[in-house]
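Residues in the sequence shown are numbered consecutively from 1, following full-length UniProt numbering.
Note that CB positions come from ideal geometry on N, CA and C, so glycine has one too.
Here the structure is a predicted model, which means the values were calculated and not measured.
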Amino acid sequence: MSLFWRVFGLNAVVLGTATVLLLWAPITVSVPILVTEAVILLGGLTVMLVANAALLRIGLAPLGRLTRLMTTIDLLRPGQRLTVRGHGDVAELIVTFNAMLDRLEAERAASSARALSAQEAERRRIAQELHDEVGQSLTAVLLELKRAADRAPDPLRDELHQAQEVTRESLDEVRRLARRLRPGVLEDLGLVSALTALATDFGTHTGLRVRHGFDSGLPPMTPEAELVIYRVAQEGLTNIARHAEATHAELSLRCAEDGHVVLRLSDDGRGPGLVPEGSGIRGMRERALFVGAALEIAPGPERGTQVLLSVPVAGEQES
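Right under this line is the structure:
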């Protein structure tokens, strides 16, 4: 039944019932109308309006559910759909809305994949320029400072040595930035070694104690999936260092019973929900969609925040 005929039928039922009751009821209306007659008529009108409102609410309930879903939909959290019940205009509208969500999620995933691929290519280019151009220039400056310090008198030699230390620290920082932009260890030594180096590097430069543990014999994954796991761990550790006010963090990579590889990152900080999700977390969600993974950010078992990334293995990704 279409929405028009549904509303018309509900109103017809209410009006028809009211008419039947008026015909059969031993009620007369005098002129001028008596107070008791006015009370009875107003009471009947009230009952009729209440019944009509209740029936309309039942009939239009699917539209209410659709409206609530439309206000909360987020393409970074796929899978939100309405259940289709019955037939008619409302059911067709829900089917069309679900199909629109399917199309939008597919388009969002495709556009995110293109954007992330371009982003990684740009990161590689910047890292290469930092390593080749800036790194070599700072290395040349260090050599010149060393030669100048060897020939300089004692008062000036100390200042040149200080300049050498500052330049060496700048060179180390440039190399660290290049490693963050392009994790060469991930390509050369694999995911476990890259995550180990990431945890060690964060612990060294932020003072955050990062414990890590990884299963041996993890199933094979695509290079894209390994890069997503690394970037999510990297962004998660960055968020902990910046916002969580934590002192400890734990990073693990396990193989779940369903065959998925699960990255778990937890801390003892403030916990989620205190600030809205920023670009970092939304970027993590986009990366998860890129490889069909599920990302969950929730309070930890005791305190702090827990990030869980469940990544399908290579065979499931291809299917």
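Strand pairing of residue i, partner residues [DSSP]
| i | result |
| --- | --- |
| F214 | L253 |
| T305 | P299 |
| A294 | S310 |
| V262 | R254, S310 |
| D267 | A249 |
| R209 | H248 |
Rounded separation between residue i and residue j - CA only
| i | j | result |
| --- | --- | --- |
| R209 | G292 | 31 Å |
| S111 | M48 | 54 Å |
| V262 | A246 | 22 Å |
| I40 | E296 | 60 Å |
| L191 | L218 | 10 Å |
| R147 | C255 | 54 Å |
| R175 | L181 | 10 Å |
| R85 | T17 | 28 Å |
| N52 | A12 | 10 Å |
| T96 | A113 | 26 Å |
| F214 | A233 | 13 Å |
| R123 | E257 | 35 Å |
| S319 | E224 | Its pLDDT being 43, under 50, S319 is placed unreliably by the model, and the measurement read from it follows with that caveat. Going from the Cα of S319 to the Cα of E224 covers about 15 Å. |
| T167 | D158 | 14 Å |
| L15 | A61 | 22 Å |
| Q136 | A244 | 37 Å |
| V50 | L82 | 29 Å |
| T196 | T67 | 47 Å |
| E105 | G283 | 16 Å |
| L101 | T72 | 13 Å |
Outcome for residue i when other beta-carbon atoms lying within 10 angstroms are tallied against a minimum of 16
| i | result |
| --- | --- |
| M221 | buried |
| P32 | exposed |
| R285 | buried |
| V275 | Because the pLDDT of V275 is 49, which lies under 50, any placement of that residue in the model is unreliable, and the number read from its coordinates should be weighed accordingly. Flag for V275 reads exposed. |
| A38 | exposed |
| P153 | exposed |
| L156 | exposed |
| L189 | exposed |
| E187 | exposed |
| G280 | exposed |
| P312 | buried |
| G236 | buried |
| A288 | buried |
| P272 | buried |
| A115 | exposed |
| A127 | buried |
| E92 | exposed |
| A249 | buried |
Supposed contact pair residue j and residue i - C-beta distance, whole angstroms, cut 8 Å
| i | j | result |
| --- | --- | --- |
| I229 | L309 | 7 Å |
| A241 | T200 | With 8 Å as the limit, A241 and T200 do not qualify as a contact, their Cβ atoms being about 14 Å apart. |
| Q80 | L69 | 7 Å |
Q: Give a yes or no on contact between the region 136-145 and the region 160-169, applying the rule of three or more CB pairs nearer than 8 Å.
A: yes
Q. Do the region 6-17 and the region 52-67 meet, that is, are 3 or more Cβ pairs less than 8 Å apart?
A. yes
Q. Using 8 Å as the threshold, is the region 265-272 in touch with the region 299-309, meaning 3 or more CB pairs across them?
A. yes
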